[in-house]
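S.K.: Every letter in the sequence shown is one number past the one before it in our numbering, and letter 37, counting from 1, is 42.
Idealized CB from N, CA, C, for every residue including glycine.
Every value quoted in this text rests on a predicted model; they were computed, and no experiment measured them.
Sharing a structure here in structure tokens format.
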Amino acid sequence: MLIKSQKNGPATRLNPTPALHVETAVLHGSYRCDPATLATTVPIYLSNAYAFESIEHASDVFDLRREGRTYSRLMNPTTDIFEQRVTALEGGVAALATSSGQAAIMLAILNIAVAGDNIVSSAHLYGGTINLLASTFQRLGIETRFVDPSDPERFREASDRRTRCWFAEALPNPKLSPFPIVEVGAIAHELGIPLIIDNTMTPLITRPLELGAHVTLHSTSKYMCGHGTTIGGVIVDGGTFDWAAHSERFPLMTCPDISHGNIRWLDAARDLPGPYGASPFLLKMRNTLMRDFGPCPSPFASFLCIQGLETLPLRMPRHCSNARQLAEYLKAHPSVLDVTYPTFGGTVERHRAEQNMGNDGGPMIVFEIAGGIDAGRRFIERLQLVYHVSNIGDARTLATHPASTTHASVPREARLAAGVHDGTIRISVGIEHIEDIIADIGQALEGA
Ligand code: PLP
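In structure tokens form, the structure reads like this:
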């Protein structure tokens, strides 16, 4: 199982076969120790450049005839390990790390869409993504057609020959209604349109690529990094989309690319050994959009993401079991009007929750406190253990009252349409002892 990289020296990486369990792959995948120092922790390679062995070596690497590194905007050894471990986590063929979740979404879509094209997206999205799709992409000439995700056929109806991808969040933040990945993925496969799933809220507990999505991506700033220390993103290609069979829809993937010596990305990936060549979708993204826009992670950010990833399989079940217990507590509380939690939904929602997350219900809760906007404010002000922040996915429990913060400037009607009521509270449930979380939320509810 160990690969010896030096004669009689210790192994520096693990053989990828036989496949490791996810819990093991995030600790051991692609790296065992540094060949120079034998250090067991993945080093932070703070190097912008990489020496070439010769002129021929340099031009082979630049022209993608040979695997190798040119410059840290495009690739870095610390980031490589992170990418390979996330690939194992999601069961994909390759990954590309970015400087933020927003950058991951931007690159994934711009990789296949240009002015005049459109994408179809679930209407249930994080607010920042709605801004990106509805405003910024609109200004770039890329139209987003938002559809109600509860009916998978809406995706088919909204698509035409200029539709380049479908986009959705596996567990939308803050709607919390699980996206029908299996049903929409089957229609996407039938029409030859890639389904891209933002899996930020449910790494490990939802595996979109196994359920029928073609590409998955994350804001690693949340659960994946897990400690609220580092902004980052990552895109993982499942390797299941047949770009060649749908070449008319994807000229950017199949026609010669003038910006890279008339390269054809499908051919280039086929001929390039190693992780960079494993996905034509990501090979193109790395060598065009990452090259031109440059939203790469720093090696230090990648190191912190590697640290977070190592304990993700321990943290996610704990986030979810704490969330389930807190949701049950809130449901029975007299000051709580309503609790949104995936396993509390109707038959269809519960079925989708089970399809996507098995026995888990996810790590977040939204609830409605009696007494409207003032009660919401008082509840937040009384919290002692739980932090009042707009972030999610920290190891610590976090609370937000959207009506007085993120949605304060949104007109009331629009705010209500988005599901944000006067007394709506969002809780990103942490991994503290559940009794301490409940005690703090209980005392805050008593005085609200
Ligand atoms: N996707 C989802 C579901 C999010 O919740 C967020 C941020 O909250 C993002 C993407 C954007 O990620 P980042 O803040 O890392 O840019």
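Would you identify the three-state DSSP class for F246, choosing helix, strand or coil?
M.R.: F246: coil per DSSP, three-state reduction.
S.K.: So is K9 buried or exposed if we call it buried at 16+ other beta carbons inside 10 Å?
M.R.: For K9, the predicted model reports a pLDDT of 44, less than 50, meaning its position is unreliable; a value from the coordinates is still stated below. Exposed, because fewer than 16 other Cβ atoms sit within 10 Å of the Cβ of K9.
S.K.: Assign Q89 to buried or exposed, taking buried as 16 or more other Cβ atoms, counted over all protein chains shown, within 10 Å of its Cβ.
M.R.: Under this definition Q89 is a buried residue.
S.K.: Skipping 5 residues on each side, what residues in its chain have a beta carbon closer than 8 angstroms to that of Q143?
M.R.: Excluding residues within five positions, the ones whose Cβ falls inside 8 angstroms are T149.
S.K.: Per DSSP, what kind of secondary structure is L7 in: helix, strand or coil?
M.R.: Only weak support exists for where L7 lies, its pLDDT of 43 falling under 50; the value from the coordinates is given anyway. Here L7 sits in strand by DSSP.
S.K.: Sort out for me which residues DSSP pairs D399 with in a bridge.
M.R.: Answer is none; D399 lacks a bridge partner.
S.K.: Under 8 angstroms: do the segment 66-82 and the segment 198-205 share three or more Cβ pairs, one atom per stretch?
M.R.: These segments do not touch.
S.K.: If you measure from the CB of K180, is any heavy atom of the ligand PLP nearer than 7 angstroms?
M.R.: K180 Cβ: outside cutoff for every heavy atom of the ligand PLP.
S.K.: How should N13 be labelled, buried or exposed, when 16 other C-beta atoms within 10 angstroms of its C-beta is the threshold for buried?
M.R.: Residue placement at N13 cannot be trusted, given a pLDDT of 48 that sits under 50; what the coordinates show is reported in the next sentence. By the neighbour-count rule (16 or more Cβ atoms within 10 Å), N13 is not buried but exposed.
S.K.: Which first and last residues belong to the beta strand (DSSP E) in which M206 is found?
M.R.: Careful: M206 lies outside any beta strand (DSSP E) and carries neither H nor E.
S.K.: Could you give the DSSP three-state label for L25: helix, strand or coil?
M.R.: Note: L25 maps to coil in three-state DSSP.
S.K.: For the 8 angstroms Cβ check, are there 3 or more pairs between the segment 272-291 and the segment 100-114?
M.R.: Yes, the segment 272-291 is in contact with the segment 100-114.
S.K.: From what residue to what residue does the beta strand (DSSP E) around D379 run?
M.R.: From DSSP, D379 is part of no beta strand (DSSP E) but of the alpha helix (DSSP H) over G377 to R387.
S.K.: Between the alpha carbons of S303 and N136, how many angstroms are there, rounded?
M.R.: Each residue's Cα considered, the two are about 26 angstroms apart.
S.K.: Could you tell me whether any non-hydrogen atom of the ligand PLP is closer than 7 angstroms to the CB of D203?
M.R.: D203 Cβ: within cutoff of the ligand PLP.
S.K.: List the DSSP bridge partners of I124.
M.R.: DSSP, once it has assigned bridges, lists T149 as partnering I124.
S.K.: Which residues bound the beta strand (DSSP E) around S64?
M.R.: Note, S64: premise wrong, no beta strand (DSSP E); alpha helix (DSSP H) at I60 to F67.
S.K.: Flag Q107 as yes when its Cβ comes closer than 7 angstroms to any non-hydrogen atom of the ligand PLP, and as no otherwise.
M.R.: Yes; taking the cut-off as 7 angstroms, the Cβ of Q107 has a heavy atom of the ligand PLP nearer than that.
S.K.: Within its chain, find whatever has a CB closer than 7 angstroms to the CB of A400; leave out the 5 residues flanking it on each side and keep chain order.
M.R.: Excluding positions up to five away in sequence, the list reads G231, H232, R320, G435 and I436.
S.K.: For Y131 and P261, what's the separation of their Cα atoms in angstroms?
M.R.: The alpha-carbon atoms of Y131 and P261 are separated by roughly 36 angstroms.
S.K.: Between L257, P213, F57 and E333, which has its C-alpha nearest E440's C-alpha?
M.R.: Checking every option, the nearest Cα to that of E440 belongs to E333.
S.K.: If contact is defined by three or more beta carbon pairs under 8 angstroms, each pair taking one atom from either stretch, is the segment 45-57 in contact with the segment 268-282?
M.R.: The segment 268-282 vs the segment 45-57: no contact.
S.K.: Please classify A453 as buried or exposed, where buried requires at least 16 other C-beta atoms within 10 Å of its C-beta.
M.R.: Under this definition A453 is a buried residue.
S.K.: Out of Y55, G34, F67 and L25, point me to the one whose CA is closest to I268's CA.
M.R.: Per the Cα distances, F67.
S.K.: Could you pull out every residue in the same chain whose Cβ sits closer than 8 angstroms to the Cβ of D247, ignoring the five residues on either side in sequence?
M.R.: Hits under 8 angstroms: G197.
S.K.: Work out the CA separation of S126 and T134 for me, nearest whole Å.
M.R.: Between T134 and S126, the C-alpha separation is close to 10 angstroms.
S.K.: Using 10 angstroms around the beta-carbon of I374, count the other beta-carbons present and answer buried if the total reaches 16, otherwise exposed.
M.R.: Buried is the call here.
S.K.: Decide if the segment 398-418 is in contact with the segment 376-385; the criterion is three or more beta carbon pairs, one per stretch, under 8 angstroms apart.
M.R.: Verdict: yes, contact present.
S.K.: Looking only at its chain, what residues have a beta carbon closer than 6 angstroms to the beta carbon of T22, apart from the 5 residues adjacent to it on each side?
M.R.: The pLDDT assigned to T22 is 46, lower than 50, so where the model puts this residue is not dependable, and the model offers no usable value.
S.K.: Since V91 is in the alpha helix (DSSP H), which residue starts that stretch and which ends it?
M.R.: Taken as a continuous stretch (DSSP letters only), the alpha helix (DSSP H) holding V91 covers P82 to E95.
S.K.: Taking just the CA atoms, how far does P213 sit from A93?
M.R.: Cα to Cα, A93 sits roughly 13 angstroms from P213.
S.K.: In whole angstroms, what separates the C-alpha of L317 from that of F372?
M.R.: The straight-line gap from Cα to Cα measures roughly 26 angstroms.
S.K.: I'd like to know whether the C-beta atoms of M258 and P278 end up nearer to each other than 8 angstroms.
M.R.: Contact: no.
S.K.: Kindly identify the DSSP beta-bridge partner or partners of V239.
M.R.: A102 and H223, per the DSSP bridge assignment.
S.K.: Output the boundary residues of the beta strand (DSSP E) element that contains A173.
M.R.: Start and end: T168 to E174.
S.K.: Would the beta-carbon of R167 fall within 8 angstroms of that of G237?
M.R.: No, the pair does not count as a contact, with Cβ atoms beyond the cut-off.
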